[in-house]
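**Q**
Residue numbers (our numbering): 877 to 1288.
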């Protein structure tokens, strides 16, 4: 399984319609395919992320944007934004070839040895929210303001199946494919930077929510490949998918977020698409909602429309069988969740895992478990950090950015 993440050259799948005698083109994971200049954000555009975007991001949240605004770094440099396409493979599908996409952001007047930070994004329900469309991704814009505008190179993978026009299925929480997309994005970005005469400095990685989980998967792949990472951070990252799903079903938080219902169905359908659940989705979801959850997973229905048609209440969407299975966790779906844990190795890289008791999306025990596990096995370089008693899911992200920026700076 782990060797698949590090494969150098694999055979592409034979295209439909080709005969068995046709030559099969080799695929090099991480090979840069295309670079498109998306445009430029000037200092005023980036400062607007802090001045207006923060207010929008925290609307209806538990904390006021004024609690954070003065602590965020003001815009310093303009940046250029590029969408890249690169070759990758799908480990869960016998290393079938796939074209993947991501964002590269380069600050104006970049200095030699500028550090590079890879950002792994959180849950999306619309393809326009991917990092390679930065105008539609406010979380990516915060990374641009706090890192790219401060002199860092920022890269951000879209994940397989999320970019508009992608033919791969949505890979939400699919462990090996997530790690593959991230490490190949890093390789392709390094090629692009080399073509522009840029030699970056140290590598940092960071992610929020689903992206916190992705960051840990990516970190393991990087360490296995002996690619040095200066530091890693996760904000509200569900490092243990089995614990996450089980807690949502059996110990629902009083702050429970309705969108977690949609996240769980997306997770199941992605696992079905990439690994095969042999009809388990049909056993787990109440039949009258099956068509709706499939449309949401395929980005054929907006989240608002989904929420209007499907009750965002766990015990209304899932069957009694699914609940019973969650208590024993012996069927293949539950074993896949357990195998997807993203923290059970001794990390070389310093880690900070941010969490909050008030987080409505990710239980605090799940968000900090990676650091707790590392401490338990004697790794003192991992730390779990409480974002505060009133910090909801989005506030944890902003709090984490404020705290990791000086930490990353100190390690540049």
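Just so it is clear, CB atoms sit at the ideal spot from N, CA and C, and this is done for glycine as well.
Using the C-alpha atoms, what's the distance from residue 977 back to residue 1247?
**A** Taking the straight line joining both Cα atoms gives about 30 Å.
**Q** If we count Cβ pairs, one from each stretch, closer than 8 Å, do we get three or more for the region 1042-1058 versus the region 1209-1218?
**A** At 8 Å Cβ cutoff, the stretches touch.
**Q** Leaving out five residues on either side along the sequence, give the residues of the same chain with a beta carbon under 8 Å from the beta carbon of residue 1288.
**A** Cβ neighbours of residue 1288 beyond the five flanking positions: 991, 1077, 1078 and 1106.
**Q** Excluding the five sequence neighbours on either side, which residues of its own chain have a C-beta within less than 6 Å of the C-beta of residue 1274, listed in chain order?
**A** So the qualifying residues of the chain are 944.
**Q** Here's the rule: buried if 16 or more other CB atoms are within 10 angstroms of the residue's CB, otherwise exposed. What is residue 1148?
**A** Classification of residue 1148: buried, given that the 10 Å Cβ count is 16 or more.
**Q** Mind checking which residues open and close the alpha helix (DSSP H) that includes residue 1015?
**A** Unbroken alpha helix (DSSP H) run through residue 1015: 1014-1022.
**Q** Going by the DSSP bridge assignment, what does residue 1230 pair with across the sheet?
**A** Beta-bridge pairing links residue 1230 to 1111 and 1261.
**Q** Residue 907: which of 1189, 1239, 997 and 973 sits nearest, CA to CA?
**A** Taking only the C-alpha atoms, the option nearest residue 907 is 973.
**Q** Considering Cα atoms alone, identify which of 1223, 1268 and 1283 is closest to residue 1104.
**A** The candidate whose alpha carbon is nearest that of residue 1104 is 1223.
**Q** Rank 1193, 1168 and 924 by C-alpha distance to the C-alpha of residue 1014 and give the top, closest one.
**A** Checked all of 1193, 1168 and 924; the closest Cα to residue 1014 is 924.
**Q** Output needed for residue 993: all residues of its chain with C-beta closer than 8 Å, excluding positions within five of it in sequence on either side, in chain order.
**A** Excluding positions up to five away in sequence, the list reads 1019, 1023, 1028, 1029, 1030, 1031, 1079, 1080, 1081, 1082 and 1284.
**Q** Output the distance between the C-alpha atoms of residue 1239 and residue 1073, rounded to the nearest integer angstrom.
**A** For residue 1239 and residue 1073, the distance between alpha carbons rounds to 44 Å.
**Q** Could you pull out every residue in the same chain whose Cβ sits closer than 8 Å to the Cβ of residue 897, ignoring the five residues on either side in sequence?
**A** With a pLDDT of 41 at residue 897, under the threshold of 50, the modelled position of this residue cannot be trusted; read the value that follows with caution. Nothing listed; no residue qualifies.
**Q** Would you call the CB atoms of residue 1272 and residue 1258 closer than 8 Å?
**A** No, the pair does not count as a contact, with Cβ atoms beyond the cut-off.
**Q** What residue range is occupied by the uninterrupted alpha helix (DSSP H) comprising residue 919?
**A** Segment 919-924, the alpha helix (DSSP H) holding residue 919.
**Q** How would you call residue 1193, buried or exposed, if buried means at least 16 neighbouring beta carbons within 10 angstroms?
**A** It is buried - the Cβ of residue 1193 has at least 16 other Cβ atoms within 10 Å.
**Q** Just tell me which of 1064, 971, 954 and 961 has its CA closest to the CA of residue 984.
**A** Looking at the Cα atoms, 954 is the closest of the given residues.
**Q** Between 903, 937, 929 and 1217, which lies nearest to residue 1266 when the distance is taken from Cα to Cα?
**A** With distances taken between Cα atoms, residue 1266 lies closest to 937.
**Q** Do residue 1153 and residue 1173 have their CB atoms nearer than 8 Å?
**A** No.
**Q** Do you know offhand how far residue 899's Cα is from residue 975's?
**A** Confidence at residue 899 is low in this model, with a pLDDT of 43, below 50, so its placement is unreliable and no value can be given for it.
**Q** Quick one: give me the first and last residue of the beta strand (DSSP E) that residue 1033 is part of.
**A** Looking at the DSSP string, the run of the beta strand (DSSP E) that includes residue 1033 is 1029-1033.
**Q** Taking Cβ to Cβ, would you say residue 933 is nearer than 8 Å to residue 1179?
**A** Against a cut-off of 8 Å, the Cβ pair of residue 1179 and residue 933 comes out as no contact.
**Q** Where does residue 1210 sit, in a helix, a strand or coil, going by DSSP?
**A** Three-state DSSP puts residue 1210 in a helix.
**Q** How many angstroms separate the CA atom of residue 1188 from the CA atom of residue 1151?
**A** Near 26 Å, if we compare the C-alpha coordinates of residue 1151 and residue 1188.
**Q** Quick one: using the 10 Å Cβ neighbour count with 16 as the cut-off for buried, is residue 1208 buried or exposed?
**A** Classification for residue 1208: exposed.
**Q** May I ask you to report which of helix, strand or coil DSSP gives residue 898?
**A** Residue confidence for residue 898 is low, a pLDDT of 43 falling below 50, so the modelled location carries little weight; the figure read from the coordinates is stated next. Three-state DSSP puts residue 898 in coil, outside helix and strand.
**Q** Tell me, please, which residues DSSP counts as bridged to residue 916.
**A** Its beta-bridge partners are 956.
**Q** Who are the Cβ neighbours of residue 1054 in its own chain at under 7 Å, not counting the five residues just before and after it?
**A** Contacts found: 1035, 1047, 1090 and 1093.
**Q** Work out the CA separation of residue 1125 and residue 1199 for me, nearest whole Å.
**A** Looking at the two C-alpha atoms, the distance is approximately 7 Å.
**Q** Is residue 1095 buried or exposed, if buried means 16 or more other CB atoms sit within 10 Å of its CB?
**A** The residue is buried, with at least 16 neighbouring Cβ atoms inside 10 Å.
**Q** With three or more C-beta pairs closer than 8 Å as the rule, is the region 1058-1070 touching the region 1004-1013?
**A** The region 1004-1013, when compared against the region 1058-1070, does not touch it at the 8 Å Cβ threshold.
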